[in-house]
Amino acid sequence: MTMRRLLQSREAILLAVLVAMVLAIAARFPQFAAPASLANVFNDTAILIILALGQMVVILTRCIDLSVAANLALTGMIVALASLAAPAIPVPLLILMALAIGGALGAVNGILVWKAHIPPIVVTLGTLTIYRGVIFLISGGEWINAHEMSDAFKAFPRTVILGLPVLSWIAIATVALFAVLVTRMPLGRAFYAVGGNPHAAVYTGIDVGRTRFAAFVISGALAGLCGYLWVARYAVAYVDIAAGFELDVIAACVIGGISIAGGIGSAGGAVLGALFIGVIKNALPVINVSPFWQLAISGLAIILAVAFNARAERRKGRVILKRAEQAA
Amino acid sequence: MSQPVLSLSGVSKAFPGVRALSKVSLDLFPGEVTALIGENGAGKSTVVKILTGIHMPDEGEIRINGKPVLFATPHDAANAGVTAIHQETVLFDELSVAENIYLGHAPRTRFGLVDWTAMNRDAAALLLSIGASLDPQARLRDLGIASKHLVAIARAMSIDARVVIMDEPTAALSAKEIGELYALIETLKARGKAILFISHKFDEIFRIADRYTVFRDGEHVASGLIDEVTPGRLVQLMVGRSVDQLFPKRVRNPGDAVLTVAGYSHPTEFEDINFSLRRGEILGFYGLVGAGRSEVMQALFGLTQPSRGAVNLAGRVAAIRSPADAIDLGIVYVPEDRGKQGVILGLPIVHNVSLPSLNVTSRAGFLRMAEEFKLARAYTARLDLRAAALDQDVGTLSGGNQQKVVIAKWLATKPKVIILDEPTKGIDIGSKAAVHEFMAELASEGLAVLMVSSEIPEIIGMSDRVIVMRDGRIATEFANDGLTPEMLVSAAAGIGVDKAAA
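These protein sequence lines are chains U and G, in that order. So in the numbering used here, spot 73 of the first sequence is number 73, and the numbers just go up one at a time. Plus 1000 on top of the position in the second sequence (first one is 1) and you've got the numbering used here.
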């Protein structure tokens, strides 16, 4: 019974689709399914996975964070500038800095949603533009290139431990952390309650505004962390890095079955949604599909995922008959 | 006697499980105001919905000027010259005053386009004729409620309405605005409009109405000229029925005071509320809709902040700044709108039940699933919840079982005081009896119950004491000993009890 429900879950279906996709590609290009190649795809998707997890908690509370990519770019630029000015700063300190700066930028969103009651889509559309503008102000529009960054700065995400780069390990750790957060901690439960029915959540003693604030801070902190990881990995920082990446992040959540209406979703779903996009982006060039078709396929996947989820919601009828109650 | 412009005869309407109207009749005369009087649930709003074409009657006839008509849609009713001004007027906030007045029948130019000049000019003339000094081009959202009523009335005039229905039009108006509304009603009467005036306020009815019609439990009870009746007689007609429902017998032995409220005031909602509640007691709060009962409860639960006053809980001063504080102190609130404010769809039953108790079931910041299941199992079993598994989505349960989940959720916090806001509103007779049974059980176990209810039988049948609120203040407190419906209604409506007895 529990097994059946597990197999029918959104996550299981998405996983099956993902595996089928990899197998289909491997049928023509066997080298794609080689462990090293798959590890590469995972590493390429690591940042998307981390951001999708942050976005997930925001969407669970019936909000949305459009500013993640701008936050990433701004924090990345600040960290790169800091490292440039004082190359002696150790990497762990830089990572803490990135988390703090990103968290603070997320807190700006959170405060505006909580205290000023501005719709999240408007708030984060505004801060997205502001954060991009600030990058231009602090960098003067200049690029920071690989040769200006210290080796330690660039090496950290690429360091291989137990066969995987640190970047991948950070993504794995984040997944584990978020799985625990949303299933095993009161704050995680509050995210679901606030998104599922904010009116009822108030009556159970949950502060809806504060919970949303927390979600934005978490999303921001992860965006900040990814800021460092992105700049270090690609060894370049400029105004437009990760431009439009917030849409990939939201797409990953939607494909992963996280309801835009709030209250429904899981860490596993967000990860699978991100991997789905990662596989499409990495595999389609291998099998010579044009970039246009990559976009079209991603778009189609989003629409199919939403249509599927909407159908799953609708099919659930109310149980009124007594015997159906027993059978349910 | 003149011919009625609109007349209902033998009209019945049933909804699943409820007979809302049973062979009622109602006549409206040109140039006269007819007051429609009745308790909540007497069928007043159903009549309004039938007259405005929202519901079709199951049987009976509607005649306009003696000719039978059929209002299949709201459009038919509007075409026949029946228009309604609701408590919350149905107009378009983002459109201008003139557009609101002429929406759907705007003057056209030769080319079939809206003739804005003519529309604004006509609207100005129309507004002037009803003594309203409004700019036709002002946006509706910038107007107060009184002005919105004026716009609705102007709209009624523009479609040449013969019948104007006013459903508690003064509920949100200031004294000055009410005066202006009365003047406008006089204007409408002078032009021969028939007005149906629905109100709970007797001073208003006697000030403005020419005739009255009383409904009780979906039946027509009496009609006549207002000059030939007294307020006391009207109250008797409204409530004149024995409390024949069965309520659980309770042994009444309240214990020590649990909750004492003194001088509780809010800047706009209520003032100088004083009462005490004892262990094992059911304290009923009665009053008209909008008397401030729920608002007092919401302040007690920390949803709003009172400006003055003290709350004493079990002998200690309680500072309640948020619902979380209230729950910690042992006060829980079961809101009126349990569908919207109760369960959280998408979460399984067990998580719905444990939500306000997570600080008990978790340890060191981590949730303990086993503890949550234990808690949920204990309290849902007590309420005889029918569910296959506690980890199924609460949305798959029937409405009655969802209610049980809501109540289990609150009981699991082991409260000292439980506030029930309209506990049986909108549920069928059988479930009502179960809820009453359950309330009695809670009280017998020592829980203190605050029950807000607008249903007189429930108030009389369940309460140990009753507090009646009127206009944000406590009007009277009754011990439930020989309490009659007349006493409650008179206190709620502000009529002297001596007059009511006449």
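All residues carry an ideal CB built from backbone N, CA and C; glycine is no exception.
Determine whether the Cβ of residue i lies closer than 9 Å to any Cβ atom of chain G.
i, result
"Asn309 (chain U)", "no"
"Gln326 (chain U)", "For Gln326 (chain U), the predicted structure reports a pLDDT of 45, less than 50, and the residue's modelled location is therefore unreliable. A value from the coordinates is still provided. Taking Cβ atoms only, chain G reaches closer than 9 Å to Gln326 (chain U), which makes this a yes."
"Val19 (chain U)", "no"
"Pro186 (chain U)", "yes"
"Thr183 (chain U)", "yes"
"Arg28 (chain U)", "no"
"Arg10 (chain U)", "no"
"Ser259 (chain U)", "yes"
"Ala193 (chain U)", "yes"
"Arg189 (chain U)", "yes"
"Asn197 (chain U)", "yes"
"His117 (chain U)", "no"
With respect to the alpha helix (DSSP H) encompassing residue i, which residues constitute its N-terminal and C-terminal limits?
i, result
"Ala1084 (chain G)", "First-last for Ala1084 (chain G): 1082 to 1085, but that is the beta strand (DSSP E), not the alpha helix (DSSP H)."
"Tyr1333 (chain G)", "It is not in any alpha helix (DSSP H) - Tyr1333 (chain G) instead sits in the beta strand (DSSP E) that spans 1331 to 1334."
"Pro1231 (chain G)", "1231 to 1239"
"Pro92 (chain U)", "91 to 114"
"Lys281 (chain U)", "267 to 286"
"Phe949 (chain G)", "Residue 949 (chain G) lies beyond the range of chain G shown here (1001 to 1502); nothing can be said about it."
"Asn43 (chain U)", "35 to 60"
"Thr127 (chain U)", "120 to 139"
"Lys154 (chain U)", "151 to 155"
"Gly1179 (chain G)", "1175 to 1190"
"Gly1038 (chain G)", "That residue, Gly1038 (chain G), is in no alpha helix (DSSP H); it is neither H nor E in DSSP."
Let me see if you follow: with CB-CB separation under 9 Å, is residue i close to chain U or not?
i, result
"Ala1493 (chain G)", "no"
"His1105 (chain G)", "no"
"Leu1345 (chain G)", "yes"
"His1351 (chain G)", "yes"
"Gln969 (chain G)", "A query on residue 969 (chain G) cannot be resolved here, the shown segment of chain G reaching from 1001 to 1502 and no further."
"Ile1456 (chain G)", "no"
"Ser1322 (chain G)", "yes"
"Tyr1333 (chain G)", "yes"
"Gly1330 (chain G)", "no"
"Pro1356 (chain G)", "yes"
"Gly1131 (chain G)", "no"
Look at residue i and residue j and say whether their C-beta atoms are less than 9 Å apart.
i, j, result
"Ala193 (chain U)", "Thr204 (chain U)", "yes"
"Ile1178 (chain G)", "Glu1204 (chain G)", "yes"
"Leu1355 (chain G)", "Ile1331 (chain G)", "no"
"Leu72 (chain U)", "Ala242 (chain U)", "yes"
"Ile1130 (chain G)", "Ile1153 (chain G)", "yes"
"Lys1023 (chain G)", "Ile1050 (chain G)", "no"
"Leu81 (chain U)", "Ile144 (chain U)", "yes"
"Glu246 (chain U)", "Ala39 (chain U)", "no"
"Gly1240 (chain G)", "Pro1457 (chain G)", "no"
"Ala1123 (chain G)", "Ala1098 (chain G)", "yes"
"Val1289 (chain G)", "Ser1490 (chain G)", "no"
"Ile130 (chain U)", "Ala1324 (chain G)", "no"
"Leu1347 (chain G)", "Leu1358 (chain G)", "no"
"Glu946 (chain G)", "Phe1270 (chain G)", "Because chain G in this structure spans residues 1001 to 1502, residue 946 (chain G) falls outside the shown range and cannot be described."
"Pro1068 (chain G)", "Leu1021 (chain G)", "no"
"Val1163 (chain G)", "Leu1070 (chain G)", "no"
"Ile25 (chain U)", "Ile287 (chain U)", "yes"
"Leu1383 (chain G)", "Leu1411 (chain G)", "yes"
Going by CA-CA distance only, name the one from the options that's closest to residue i.
i, options, result
"Met1469 (chain G)", "G:Phe1215, G:Lys1189, G:Leu1283", "G:Leu1283"
"Tyr1379 (chain G)", "G:Leu1355, G:Gly1365, G:Ala1408", "G:Ala1408"
"Gly76 (chain U)", "U:Ala237, U:Leu304, U:Leu93, U:Ile121", "U:Ala237"
"Leu1188 (chain G)", "G:Gly1031, G:Ala1412, G:Ser1294, G:Asn1352", "G:Gly1031"
"Asp240 (chain U)", "U:Met149, U:Glu148, U:Ser139, U:Ala107", "U:Ser139"
"Met1451 (chain G)", "G:Arg1233, G:Ala1209, G:Val1466, G:Lys1201", "G:Val1466"
Go to residue i, then tell me how far its beta strand (DSSP E) extends in each direction, as first and last residue.
i, result
"Gly1060 (chain G)", "1059 to 1064"
"Ala200 (chain U)", "Careful: Ala200 (chain U) lies outside any beta strand (DSSP E), inside the alpha helix (DSSP H) at 198 to 203."
| message | For the structure I just gave you, are there three or more beta carbon pairs, one from the region 205 to 220 of chain U and one from the region 231 to 238 of chain U, closer than 8 Å? | response | no
| How about the region 245 to 263 of chain U and the region 169 to 189 of chain U: do they share at least three Cβ pairs that are nearer than 8 Å? | no
| said: Taking beta-carbon pairs under 8 Å, can you tell me which members of the region 199 to 213 of chain U lie near chain A? | reply: Going by chain labels, chain A is absent from the structure shown, which instead holds the protein chains U and G.
| said: Check whether the region 1308 to 1315 of chain G and the region 1246 to 1263 of chain G touch, using three or more Cβ-Cβ pairs below 8 Å as the test. | reply: yes
| task | Evaluate contact between the region 94 to 103 of chain U and the region 222 to 230 of chain U, counting only Cβ atoms and requiring at least three cross-stretch pairs below 8 Å. | result | yes
| query | Can we say the region 28 to 45 of chain U touches the region 100 to 107 of chain U, given the rule of at least three CB pairs closer than 8 Å? | reply | no
| request: Examine the Cβ distances between the region 1183 to 1198 of chain G and the region 1163 to 1172 of chain G and report whether three or more of them are shorter than 8 Å. | output: yes
| message | Tell me whether the region 1411 to 1421 of chain G and the region 1392 to 1400 of chain G touch, counting them as touching only if at least three CB pairs, one residue from each stretch, are closer than 8 Å. | response | no
| Can you find at least 3 beta carbon pairs, one from the region 1035 to 1045 of chain G and one from the region 1093 to 1113 of chain G, that sit closer than 8 Å? | no
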